[in-house]
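Here the sequence shown stands for residues 1 to 589, numbered as in the UniProt record's numbering.
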Amino acid sequence: MASVPSLASTVQQRLADALSAALPEAGSADPLLRRSDRADFQANGILALAKRLKGNPRELAGQVVDAIPANDELREIEVSGPGFLNITVSDRAITSTLAARAADDRLGVPHAAKTGTTVIDYAQPNVAKEMHVGHLRSAVIGDAMVKILEFTGEQVIRRHHIGDWGTQFGMLIQYLIEHPHELDHKTGPEDSAASGEEAMSNLNRLYKASRARFDSDEEFKARSRDRVVALQSGDEETLALWQRFVDESKIYFYSVFGKLDMEIDDPDVVGESGYNDMLDETCRLLEEAGVAVRSEGALCVFFDDVKGPDGNPVPLIVRKSNGGYGYAATDLSAIRDRVHHLKADTLVYVVDARQSLHFRMVFETARRMGWLNEDAHAVQLAFGTVLGKDGKPFKTREGETVRLVDLLDEAIDRASAVVREKAQDLTEDEIAERGAQVGIGAIKYADLSTSAARDYKFDLDQMVSLNGDTSVYLQYAYARIQSILRKAGDRRPAARPELALAPAERALGLHLDQFGETLAEVAESYEPHKLAGYLYQLASHYTTFYAECPVLKADTPEQTENRLFLCDLTARTLHQGMALLGIRTPERL
1 MASVPSLAST VQQRLADALS AALPEAGSAD PLLRRSDRAD FQANGILALA KRLKGNPREL
61 AGQVVDAIPA NDELREIEVS GPGFLNITVS DRAITSTLAA RAADDRLGVP HAAKTGTTVI
121 DYAQPNVAKE MHVGHLRSAV IGDAMVKILE FTGEQVIRRH HIGDWGTQFG MLIQYLIEHP
181 HELDHKTGPE DSAASGEEAM SNLNRLYKAS RARFDSDEEF KARSRDRVVA LQSGDEETLA
241 LWQRFVDESK IYFYSVFGKL DMEIDDPDVV GESGYNDMLD ETCRLLEEAG VAVRSEGALC
301 VFFDDVKGPD GNPVPLIVRK SNGGYGYAAT DLSAIRDRVH HLKADTLVYV VDARQSLHFR
361 MVFETARRMG WLNEDAHAVQ LAFGTVLGKD GKPFKTREGE TVRLVDLLDE AIDRASAVVR
421 EKAQDLTEDE IAERGAQVGI GAIKYADLST SAARDYKFDL DQMVSLNGDT SVYLQYAYAR
481 IQSILRKAGD RRPAARPELA LAPAERALGL HLDQFGETLA EVAESYEPHK LAGYLYQLAS
541 HYTTFYAECP VLKADTPEQT ENRLFLCDLT ARTLHQGMAL LGIRTPERL
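So, in structure tokens, the structure goes:
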């Protein structure tokens, strides 16, 4: 079905036509329409126009109003102040527009006018290392942006850039050669959570044992260093053992991502090693183009605006003086691969804000090489730090980094307690299922409802609260609507454009109509917190509507049908919006 024009775009078009008719000398002037507290909309464009035409703004505003033909959409237009237009749309227009939205599976949301191919780099764990709270934001924000962009019609390629090629693998592989059963499993693959925990437990134990041996045994240390050389030169036995570490780590990663209710697929996981064959050529191209120069034996890129505290230039080191490659070589090779091989026109990196300088230098280097240009650009979706309740970086009481899986388990436990307290007619299995959906939703929403660039405090008590700006509040609003629709029996939702709307119905209807505009803005600016904010306001409008407008006990059957229609469209919009944030909406809570 075709997309449904929003009321804002309909009003905008009416005003633009009237401006052209009343003031042809104005050309295609923008009415500058915006939402308003004083009416439904306010148009401010006539002020600037009057200045340009050297006319009286109130008189020009009056001419524009007179040029608007009679129609069903606009109920009232008032000239206010020095020439503002306060515009109120008709109740019929609200209900008719919402009816058109309800008839469409996409709720009338159009695909973006211009779509392309975006590679999103997010959820970046490290091989043979435990995932901690610092890995949370990249995964949650990236997953939401993937879903939102795909909904707008963009082709999205996921990339999980895992760090898998470090020198510590010489130590790990050598230890595994000498202790070949350290990574064996006792649990079966059918229990993914237990299998993931066992994989991580094995990796942790092996890492600690190999580190202790490396630090205390000079001969083992020498064998480990030789093993690094064998790994980098492509020795088959060494590569096969390294692959075991990658595969074991993926068992663990996938179990954690599964708990986060996120799907990660093998082809999307491309580690540093995936670009290994490109590094030498990347360096050669940079040097031949004069973009990178040798400095003190290293291959470097310099920038006029990047200087250290001593005032000396701080370079991007592509190849170290010992011949080893820096992160920059891998990141620049990844850009080449994503633009030339994957044919991406947008690269989005969901990466900690503390890496902003590195990525700014990498992107600028790629621009100087022409790998990034008018047809292909890169964006860092930078995110802040997860803080504890004390406002400091989130740590355990012992000062250790918090394990991500422990955090998720605690959220599920807290949420299960909330669900059990409120549960009516739910079995223990259903309480456990809802507890997981509410707990994981609470963590994701707390992250996504904060602007990505800001730090946020991790407070589970607040996250699983039924009150305030939480996912639980939204999930209960959705479940409440489902309960009403079940109780309605034979009475079905039906739009009744002929009915007058109560103030709470109007407010809810006007907000429902903004869903498509909100998604377009979120997709363009990479700001999922704006979608979370929209959904919270939607649930708040619904709460007011529910309190002020009896649904099943309305004055007439037609009014009940229309209010059931508003309930149903609110539920569908909540469900769709929450799904785009990666959050479940249980039918019963």
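Yeah, the Cβ is synthetic: ideal placement off N, Cα and C, and Gly gets one too.
Just so we're clear, the structure is a prediction, and the values are computed from it rather than from any experiment.
Which partner residues does residue i have in the DSSP bridge list?
i           : result
residue 378 : 347
residue 352 : 383
residue 316 : 301
residue 157 : 119
residue 79  : 85
residue 42  : 34, 86
residue 401 : 395
residue 276 : Answer is none; residue 276 lacks a bridge partner.
residue 457 : 387
residue 270 : For residue 270, which the question treats as bridged, DSSP gives no partner whatsoever.
residue 325 : 319
residue 126 : 163
residue 132 : 403
residue 74  : 89
So residue i packs on residue j, CB below 8 Å; how close in whole Å?
i           : j           : result
residue 160 : residue 269 : 5 Å
residue 537 : residue 511 : 6 Å
residue 454 : residue 384 : 5 Å
residue 18  : residue 67  : 4 Å
residue 440 : residue 408 : 7 Å
residue 320 : residue 326 : 6 Å
residue 193 : residue 259 : 7 Å
residue 273 : residue 164 : 6 Å
residue 275 : residue 330 : 5 Å
residue 157 : residue 342 : 6 Å
residue 387 : residue 457 : 5 Å
residue 459 : residue 395 : Not really, about 15 Å apart at Cβ, beyond 8 Å.
Excluding five sequence neighbours on each side, which residues of the same chain lie with their C-beta closer than 6 Å to the C-beta of residue i?
i           : result
residue 39  : 86, 87, 88
residue 80  : 86
residue 509 : 94, 98
residue 507 : 541
residue 478 : 571, 574, 585
residue 7   : 89, 97, 513
residue 249 : 127, 128
residue 116 : 345
residue 418 : 464
For chain B, find out if any of its Cβ atoms is closer than 8 Å to the Cβ of residue i; answer yes or no.
i           : result
residue 532 : No chain B is present in this structure, which holds just one protein chain.
Only counting the same chain, and skipping five residues up and downstream in sequence, which positions put a Cβ closer than 7 Å to that of residue i?
i           : result
residue 528 : 141, 144, 145, 148, 448, 522, 581
residue 376 : 339, 344, 345
residue 560 : 491, 551, 552, 554
residue 251 : 195, 196, 199
residue 422 : 589
residue 526 : 145, 348, 379, 381
residue 532 : 445, 448, 449, 581
residue 230 : 238
residue 467 : 473
residue 83  : 46, 47, 50, 57, 58, 60, 61
residue 583 : 441, 444, 445, 471
residue 282 : 329, 332, 333, 336
residue 70  : none
Apart from the five residues just before and just after residue i, which ones in its own chain have a Cβ nearer than 8 Å to its Cβ?
i           : result
residue 398 : none
residue 607 : One cannot answer for residue 607 here, as it falls past the ends of the chain, which runs 1 to 589.
Is the beta carbon of residue i within less than 7 Å of some heavy atom of the ligand NAD?
i           : result
residue 384 : No copy of the ligand NAD occurs in the structure displayed, which carries no ligand at all.
(message) Three Cβ pairs or more, each shorter than 8 Å: is that satisfied between the stretch 81-96 and the stretch 9-18?
(response) The stretch 81-96 vs the stretch 9-18: in contact.
(message) Quick check: the stretch 172-189 against the stretch 129-148, are at least 3 beta-carbon pairs closer than 8 Å?
(response) No, the stretch 129-148 is not in contact with the stretch 172-189.
(message) For the pair the stretch 148-164 and the stretch 102-121, tell me if three or more CB-CB distances fall below 8 Å.
(response) A contact exists between the stretch 148-164 and the stretch 102-121.
(message) Just to confirm the assignment: which complete beta strand (DSSP E) runs, minimum length 3, are found wholly within the stretch 282-313?
(response) Fully contained in the stretch 282-313 are the following beta strand (DSSP E) runs of length 3 or more, in chain order: 293-295, 298-301.
(message) Does the contact criterion of 3 or more C-beta pairs under 8 Å hold for the stretch 403-421 versus the stretch 431-450?
(response) Judged by Cβ distances under 8 Å, the stretch 403-421 makes contact with the stretch 431-450, as three or more pairs qualify.
(message) Closer than 8 Å is the cut-off here; do at least three beta carbon pairs connect the stretch 345-356 with the stretch 296-306?
(response) Segments in contact, no.
(message) For the pair the stretch 119-132 and the stretch 189-209, tell me if three or more CB-CB distances fall below 8 Å.
(response) Result yes; three or more Cβ-Cβ pairs closer than 8 Å.
(request) Taking only runs that begin and end inside the stretch 407-432, name each unbroken alpha helix (DSSP H) of 4 or more residues, in chain order. (result) Complete alpha helix (DSSP H) runs here, min 4: none at all.
(message) For the pair the stretch 285-292 and the stretch 239-254, tell me if three or more CB-CB distances fall below 8 Å.
(response) Too few Cβ pairs lie closer than 8 Å, so no.
(request) Please specify which runs of the alpha helix (DSSP H), each continuous and at least 4 residues long, are wholly inside the stretch 466-513, giving them in chain order. (result) Segments of the alpha helix (DSSP H) lying fully in the stretch 466-513: 471-487, 503-512.
(request) Pick out the complete alpha helix (DSSP H) segments inside the stretch 179-242, 4 residues or longer, and give them in chain order. (result) For the stretch 179-242, whole alpha helix (DSSP H) runs of length 4 or above, ordered along the chain, are 192-216, 218-232.
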